[in-house]
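Notes follow the structure.
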Amino acid sequence: MSEDGPDLEIRPMPRERLVELLTLRWPDQNMFLCGRFVGPEDVEGIGAFAGERLHGVATWMIMGRVMHVIAVNAFTELRGVGARLVEAMIVEAREQGLALLRATVSNDNVVGLRFYQKRGFRVTGLNRGIFDVMRHVKPSIPRTGLDGIPMRDEFELELEL
Amino acid sequence: MTQERPIFEIRPMTDRASLEELLRLRWSDGTIFVRGRLLAPQDVEALGAYLDGRLQGVATWRIEQGTLYLLTLNNITDRRGVGVALLGAMLDMGRRKGFPFMRAMLSNDNIPALRFYQKRGFRIVAVHSGVVDMMRSLKPSIPEIGFDGIPMRDEIELEIVL
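Chains Z and D, in that order, are what the protein sequence lines are.
Numbering-wise (the working numbering), the first sequence opens with residue 1 and increments by one.
Numbering-wise (the working numbering), the second sequence opens with residue 162 and increments by one.
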């Protein structure tokens, strides 16, 4: 693998493909963000393509001057997909004149916590017990996350632009 | 895969001079903190894990305002199982002393420890955002950059029920 990372092209996701993907990943059609449920249609996204093959997707929602990162997902073993997607989101947010990006990771997702911090995000808060609360509303939220760690809290991270 | 679990002898480190020397060498100039307060190496107690009389790892702790804090937990060799053995000894000690829980402090860059503690029953109780930055203004030798090139800025506080 080259040092520069894979030969990826970052492009906006066609709306219908984005909705299709998110519907697959969010089986009950919505997710909870900033105190409200959002559906696939509320979300914007970009994809990392190599030719026509989609290697990853980043999704966000803009509220005021904040870009809320919903998810950064790499679908393949190709390295560097997530990093390229985050870089592209930062560029997009700057072009739109936004003040900051905000991301959340669950307490078990220490890899995600490292990922965002390595890319300039800093930890700004902890929503303690938020998954325990949300599980009352949405019982499909798993109790156990990565590495067998109970999923209970959410770190909040921010990148100021 | 079978894993050989060496039996470590765990005992308080009584040789203060070598403990303090070790902390200065290993922990960023002896920088240990708890709840935004800098501690000097002489302010902490330590358990050592020994194998054949040789030190393999160190856990440091302190009682701060009635709460038992696990401050650092490290191997000093590449022998596996040292951290788990030291943690077990800290839990035993905390129970013997009658503490209802034990807390641990981490800096935000210390992702391996965040996983280690959570896998072993700790849960996060707080993030003290910017506390390390504040301490650095008092002690400029606190490094800016920690593990994996991540800036060291915050404290993460975890708790385990004893």
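By construction, the Cβ of each residue, glycine as well, lies at the ideal position given by its N, Cα and C atoms.
Since we're looking at a predicted model, the values are computed, not measured.
Please report the straight-line C-alpha distance between residue i and residue j, rounded to a whole angstrom.
i	j	result
Val-322 (chain D)	Arg-284 (chain D)	9 angstroms
Leu-98 (chain Z)	Val-72 (chain Z)	19 angstroms
Arg-15 (chain Z)	Glu-158 (chain Z)	27 angstroms
Ile-90 (chain Z)	Gln-117 (chain Z)	14 angstroms
Glu-206 (chain D)	Glu-182 (chain D)	14 angstroms
Ala-220 (chain D)	Arg-172 (chain D)	10 angstroms
Asn-269 (chain D)	Thr-233 (chain D)	14 angstroms
Phe-131 (chain Z)	Leu-21 (chain Z)	24 angstroms
Arg-79 (chain Z)	Gly-56 (chain Z)	11 angstroms
Leu-231 (chain D)	Gly-310 (chain D)	25 angstroms
Arg-241 (chain D)	Arg-223 (chain D)	25 angstroms
Asp-204 (chain D)	Leu-100 (chain Z)	40 angstroms
Gly-282 (chain D)	Ile-272 (chain D)	16 angstroms
Val-66 (chain Z)	Gln-226 (chain D)	39 angstroms
Arg-114 (chain Z)	Asp-153 (chain Z)	16 angstroms
Met-63 (chain Z)	Val-111 (chain Z)	26 angstroms
Met-174 (chain D)	Arg-256 (chain D)	20 angstroms
Leu-180 (chain D)	Pro-202 (chain D)	8 angstroms
Thr-76 (chain Z)	Thr-23 (chain Z)	19 angstroms
Pro-222 (chain Z)	Gly-129 (chain Z)	Summary: the structure shown does not reach residue 222 (chain Z), with chain Z confined to residues 1 through 161, and so no result is reported for it.
Ala-74 (chain Z)	Glu-95 (chain Z)	24 angstroms
Val-81 (chain Z)	Phe-308 (chain D)	22 angstroms
Arg-25 (chain Z)	Ile-70 (chain Z)	12 angstroms
His-289 (chain D)	Arg-53 (chain Z)	42 angstroms
Give every residue of the same chain whose Cβ lies closer than 7 angstroms to the Cβ of residue i, excluding the five residues on either side of it in the sequence, and list them in chain order.
i	result
Phe-262 (chain D)	Glu-320, Ile-321, Val-322, Leu-323
Thr-228 (chain D)	Arg-264
Gly-218 (chain D)	Ala-210, Asn-235, Asn-236, Ile-237, Val-243, Gly-244, Leu-247
Thr-170 (chain D)	For the record, residue 170 (chain D) in the displayed sequence is Glu; it is not Thr. Hits under 7 angstroms: Tyr-211.
Met-296 (chain D)	Phe-194, Gly-197, Leu-199, Ile-303
Ile-306 (chain D)	Pro-312, Met-313
Val-292 (chain D)	Gly-197, Asp-315, Glu-316
Tyr-278 (chain D)	Ala-265, Leu-319
Gly-45 (chain Z)	Met-13, Leu-18, Val-57, Ala-58, Thr-59
Ala-93 (chain Z)	Met-67, Leu-101, Leu-161
Which residues in chain D sit within 7 angstroms of residue i, going by Cβ to Cβ distance?
i	result
Ile-149 (chain Z)	Gln-279, Lys-280
Val-110 (chain Z)	Ile-272, Leu-275, Arg-276
List the residues of chain Z that residue i touches, going by C-beta distances under 8 angstroms, in chain order.
i	result
Arg-185 (chain D)	Simply none; closest approach about 27 angstroms.
Taking Cβ positions only, does residue i come closer than 8 angstroms to chain A?
i	result
Gly-125 (chain Z)	This model lacks chain A altogether; the protein chains it does include are Z and D.
Which same chain residues, not among the five before or five after residue i, have their C-beta less than 6 angstroms away from its C-beta?
i	result
Leu-8 (chain Z)	Ala-48, Ala-50, Arg-84
Ile-168 (chain D)	none
Glu-156 (chain Z)	Thr-104, Thr-124, Gly-125
Gly-286 (chain D)	Note on identity: in this sequence residue 286 (chain D) is Val, with Gly being the wrong assignment. If we look at Val-286 (chain D) and ignore the five residues flanking it on each side, its Cβ neighbours are Glu-318, Glu-320.
Asp-294 (chain D)	Arg-314
Ala-274 (chain D)	Leu-267
Against residue i, what residues of chain Z qualify as contacts under a CB-to-CB distance less than 7 angstroms, listed in chain order?
i	result
Gly-310 (chain D)	Lys-118
Ser-298 (chain D)	Near Ser-298 (chain D) there are no residues of chain Z at all, since even the closest Cβ is about 17 angstroms away, more than 7 angstroms.
Give the residues of chain Z in contact with residue i, contact being defined as C-beta atoms less than 9 angstroms apart.
i	result
Ile-285 (chain D)	Asn-107, Leu-126, Arg-128, Arg-152, Asp-153, Phe-155
Mind pulling the chain D residues with CB within less than 8 angstroms of residue i?
i	result
Leu-100 (chain Z)	Chain D residues near Leu-100 (chain Z): none, gap ~14 angstroms exceeds 8 angstroms.
Note down, in chain order, every chain D residue with its Cβ under 9 angstroms from the Cβ of residue i.
i	result
Leu-113 (chain Z)	Asn-269, Ile-272, Leu-275
Arg-122 (chain Z)	Asn-269, Ser-290, Gly-291, Pro-312, Arg-314, Asp-315
Cutting at 8 angstroms between CB atoms, please list the residues of its own chain near residue i, excluding the five before and the five after it.
i	result
Met-151 (chain Z)	Ser-106, Asn-107, Asp-108, Phe-131, Ile-141, Pro-142, Arg-143, Thr-144, Gly-145
Asp-42 (chain Z)	Met-61
Q.
For the segment 204–219 of chain D against the segment 129–137 of chain Z, do three or more pairs of beta-carbon atoms, one drawn from each stretch, fall closer than 8 angstroms, so that the two count as touching?
A. Taking 8 angstroms as the limit for Cβ pairs, the verdict is that the segment 129–137 of chain Z does not touch the segment 204–219 of chain D.
Q.
I'd like to know if the segment 247–260 of chain D and the segment 107–125 of chain Z are in contact, where contact means that at least 3 CB-CB pairs between them fall below 8 angstroms.
A. Counting Cβ pairs under 8 angstroms, fewer than three are found: no touch.
Q. Should the segment 143–152 of chain Z be called in touch with the segment 177–186 of chain D, which here means at least 3 C-beta pairs below 8 angstroms?
A. Verdict: no, contact absent.
Q | Complete runs of the beta strand (DSSP E) confined to the segment 32–79 of chain Z [at least 3 residues] | A | If we require 3 residues or more, the beta strand (DSSP E) runs fully inside the segment 32–79 of chain Z come out as 36–38, 44–50, 53–63, 66–74.
Q. In chain order, which continuous runs of the beta strand (DSSP E) of length 3 or greater are located wholly inside the segment 243–311 of chain D?
A. Counting only runs of 3 or more, we get 262–268, 284–289.
Q | alpha helix (DSSP H) runs contained entirely in the segment 177–248 of chain D, provided each spans 4 or more residues | A | Complete alpha helix (DSSP H) runs here, min 4: 177–187.
Q | Whole alpha helix (DSSP H) elements within the segment 67–146 of chain Z, 4-residue minimum | A | The alpha helix (DSSP H) runs of length 4 or more contained entirely in the segment 67–146 of chain Z are, from start to end of the chain, 81–95, 110–118, 130–137.
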